[in-house]
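One point on numbering: in our numbering, the residue at position 140 of the sequence shown is 168, and numbering is uninterrupted. The block underneath contains the structure these notes are about, expressed in structure tokens.
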Amino acid sequence: MAETFVYYKEGSNKDIPVVLLHGTGGTESDLTTIADFLFTDSPQIGIRGRLLENGYTRYFTHDENGGFDLKSLDVETNWLMDEIASQITSRNLKTERAVIIGYSNGANIAINAWLKGRNPIKNGVLFHPMLIEENPMDVSLSNLNLWMSFGTQDSFVSSDNFDRLLVELSGAKIKVFRNEQPHAISEAELLSAQSWAIDLLK
């Protein structure tokens with residue numbers, strides 16, 4: 029299996045470590061600028077997806093018919109959650125107030141882990157996520173605190189898919205930011221996420 033690439037940046041606020049999960053084609057350090065903006069003093073751990081699809085890094089891949097490969101999703105979710113736990117533990121950080129910042133493919137695998145009861149982190153900033161697998165397990169999400177964004181011009185995430193994702197995440201505390209924008213991250217959603225982060229840091 030491919031080598032694991034990890035980015036680490038020390039921070040003074042060790043109570044709220046931040047885990048960075050990039051979008052398709054990204055790297056382990058792609059979201060560090062966003063983490064600096066939202067959680068200035070927090071340590072950062074970025075983990076690169078270990079799969080390649082058409083030359084692009086991903087956390088999970090598509091099947092031969094163009095749909096999502098659910099076996100890949102399952103295997104890679106287990107790997108990623110184990111890697112996150114190992115990185116946090118080895119650096120003497122805590123998961124109690126840790127935050128995942130995920131974009132697109134990275135946000136999607138984080139959500140899959142929560143819906144399958146495999147994600148120990150309870151806070152998340154998720155840019156343009158989507159529902160990957162229908163009818164996930166019945167898992168309590170009452171301790172989950174999320175900020176999520178949706179763009180009405182997003183060519184990857186439909187309004188129907190995003191609404192179904194919110195249904196699957198019912199029980200969690202969620203702040204949704206909707207904006208007339210495509211799949212790219214905008215300044216407006218960063219400011220909304222910053223407001224959410226300020227409340228979390230109190």
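Backbone N, C-alpha and C fix where the C-beta goes; we use that ideal spot for every residue, glycine too. Predicted, not measured: the structure shown is a model, and the values here were computed from it.
Which listed residue (the options) has its alpha carbon closest to that of residue i
i           : options           : result
residue 161 : 64, 85, 60, 97    : 97
residue 31  : 176, 140, 108     : 108
residue 89  : 104, 214, 148     : 104
residue 47  : 65, 112, 85, 80   : 112
residue 44  : 99, 119, 139, 179 : 119
residue 54  : 41, 42, 75, 64    : 75
residue 227 : 175, 149, 142     : 175
residue 117 : 219, 50, 73       : 73
residue 62  : 205, 165, 131     : 131
residue 77  : 34, 39, 67, 95    : 34
residue 203 : 230, 151, 40      : 151
residue 85  : 106, 58, 102, 92  : 58
Residue i in three-state terms, based on DSSP
i           : result
residue 33  : coil
residue 192 : helix
residue 216 : helix
residue 226 : helix
residue 127 : strand
residue 72  : strand
residue 180 : coil
residue 186 : coil
residue 111 : helix
residue 81  : strand
residue 174 : strand
residue 207 : strand
residue 99  : helix
Status (buried if at least 16 other CB within 10 Å, exposed otherwise) for residue i
i           : result
residue 190 : buried
residue 156 : buried
residue 26  : As displayed, the chain neither begins before 29 nor continues past 230, which places residue 26 out of reach and without an answer.
residue 208 : exposed
residue 65  : exposed
residue 153 : buried
residue 219 : exposed
residue 70  : buried
residue 217 : buried
residue 80  : exposed
residue 147 : buried
Contact belief for residue i with residue j at Cβ below 8 Å, rounded distance in angstroms
i           : j           : result
residue 211 : residue 182 : 5 Å
residue 196 : residue 159 : 6 Å
residue 13  : residue 201 : The shown model of the chain, from 29 to 230, leaves out residue 13, and the question about it has no answer.
residue 52  : residue 140 : Wrong, their Cβ atoms sit about 15 Å apart, outside the cutoff.
residue 126 : residue 149 : 5 Å
residue 184 : residue 206 : No, residue 184 and residue 206 are not in contact; Cβ-Cβ is about 15 Å, not under 8 Å.
residue 221 : residue 67  : Not confirmed; about 10 Å, so no contact.
residue 137 : residue 87  : 4 Å
Within-9 Å CB hit, residue i to chain D
i          : result
residue 40 : In the structure shown, chain D does not exist; there is a single protein chain.
Runs of beta strand (DSSP E) lying entirely within the stretch 135-172, each at least 3 residues, in chain order: 151-155
Length at least 3, wholly inside the stretch 34-65: the beta strand (DSSP E) runs in chain order: 34-37, 46-49
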